[in-house]
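Structure record follows, encoded as structure tokens.
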Amino acid sequence: MTERVPDAMHQIDIVFPHGTNVDLEPDEDIEDAEMQSLGGSDVDSALGESEAWPSSTASLRSSIVRAREENGRIYHGYKDGKYVLPTDQEELDRQAFQYQLCQLTFENRLNFAPVHHPHRVLDVGCGEAHPEAEVVGVDLSPVQPGFTPPNVHYEIDDLEEEWSFSRKFDYVHSNVVSSNLNPGGWFEIQDIDFPMRCDDGTIPPDCDLGRWNELMMEAGQRSGFLLDTCGRAAEMMASVGFVDIVRIQFKWPINQWPRDVKHKTLGVWTEANFSVGLESMTLALFTRFMGWRKEEVWDFSANVIAEWRDPALRTIADELLALSVDFRLTMSIPVARRVVA
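Every letter in the sequence shown is one number past the one before it in full-length UniProt numbering, and letter 334, counting from 1, is 334.
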């Protein structure tokens, strides 16, 4: 009997071609720049103001950096309630782990847009691996590291409000616009595309994991924190005039169900990431918008995590039981270019 193997774990869709050959192969210059940045620097640009970084956005004040406690977790103070994930050390550690999961998934590629020697980069979620460029990292909370390269500048701001940057960017990267991109500049998003899916299109109706999946989407609708935005981003990009739109999708098995080593490893990492982070993803959404008490969220989260970790939870198996099909998350990366005037 020949064992069947799962479908390819990633795919690339040319969504809205515009006559340009979009090269999505790694940029050697960018990869070299990444390695150089790992060597570190004695200069700490950190948070705060400098003559080299004239501020074009709101200044950093105590009301902006002040945090608050809710249900035993710490949340941002600036634009209170705008972001539903905690900003405490537990969540920051998890997000650092999730970044490593992304690097494992992308085989250490930082970006997929074919940018070459960008001069000015806006990183929504903050990075530092383009030492030849001026990098502006933006976040709602002052959670950036105390030590950063000299070309990196962090600002506390809300990018869903009107942008007040004094100069435009060559590359905008969001890891969670067009008017602030130079003509020909690139916009790239890297985010999880909810809801969770099954390869056969079905989800068991009687499991807590499937119920959590549906409730998260409902809570997102009620709160305005729409969890399926990244999956619709390519169409949204096209509607505002972006061109050369490409959507790259990577599958994350939720646990160690795949048979091949690479994707089993991704499943182990994904299981660890969401076992730690599921409560933080759920707590604010359910208590603020679904009427749940924190104790109910804790109990429900424990049940969901138990199912998440169970490799026996599968939706279908083929007649020969050679291939089992399981829940998966999708990491979606839409990439688009602003048209050259």
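C-beta atoms are modelled at their ideal positions from N, C-alpha and C, and glycine is treated no differently.
Tell me which residues share the same chain as residue i and place their Cβ nearer than 6 Å to its Cβ, disregarding the 5 neighbours each side in the sequence.
i, result
"Pro-195", "Asn-213, Met-217"
"Phe-289", "Ala-219, Arg-222, Ser-223"
"Trp-292", "Phe-286"
"Asp-193", "Cys-230, Gly-231, Thr-330, Ser-332"
"Pro-311", "Asn-255, Gln-256, Trp-257"
"Phe-225", "Val-84"
"Ser-301", "Leu-278, Glu-279, Thr-282"
"Ile-30", "A caution first: Ile-30 carries a pLDDT of 32, below 50, which makes its placement in the model unreliable, though a value can still be read off. Around Ile-30: no qualifying Cβ."
"Gln-100", "none"
Apart from the five residues just before and just after residue i, which ones in its own chain have a Cβ nearer than 7 Å to its Cβ?
i, result
"Phe-112", "Leu-24, Glu-188, Ile-248, Ile-333, Val-335"
I think residue i touches residue j, with their Cβ atoms under 8 Å apart; what is that distance to the nearest whole Å?
i, j, result
"Trp-186", "Val-115", "5 Å"
"Pro-183", "Arg-338", "6 Å"
"Arg-73", "Leu-227", "About 19 Å separates the two Cβ atoms, so there is no contact after all."
"Val-304", "Asp-208", "5 Å"
"Asn-71", "Lys-294", "4 Å"
Below 8 Å between beta carbons: does that hold for residue i and residue j?
i, j, result
"Leu-285", "Val-84", "yes"
"Arg-211", "Thr-330", "no"
"Arg-308", "Ser-275", "In the sequence as presented, Arg is not what sits at residue 308; that position holds Trp. Cβ distance < 8 Å, so Trp-308 and Ser-275 count as in contact."
"Asn-273", "Phe-106", "no"
"Gln-256", "Lys-264", "yes"
In its own chain, which residues sit with a C-beta less than 8 Å from the C-beta of residue i, not counting the 5 before and 5 after it?
i, result
"Arg-328", "Met-196, Arg-197, Cys-198, Asp-199, Lys-251, Trp-252, Pro-253, Ile-254"
"Ser-280", "Arg-73, Leu-85, Pro-86, Glu-90, Glu-91, Arg-94"
"Leu-104", "Thr-265, Leu-266, Trp-269"
"Leu-215", "Phe-286, Met-290"
"Val-69", "Per the sequence presented here, residue 69 reads as Glu, with Val not at that position. So the qualifying residues of the chain are Tyr-75."
Within 8 Å (strictly less), CB to CB, does residue i reach chain C?
i, result
"Asp-191", "Of the protein chains in this structure there is only one, and it is not chain C."
- Task: State whether the stretch 266–286 contacts the stretch 231–244, with contact taken as three or more CB pairs (one from each stretch) at a distance under 8 Å.
- Result: At 8 Å Cβ cutoff, the stretches do not touch.
- What are the uninterrupted segments assigned as alpha helix (DSSP H) that are 4 or more residues long and contained completely in the stretch 206–275, given in chain order? 208–223, 229–239
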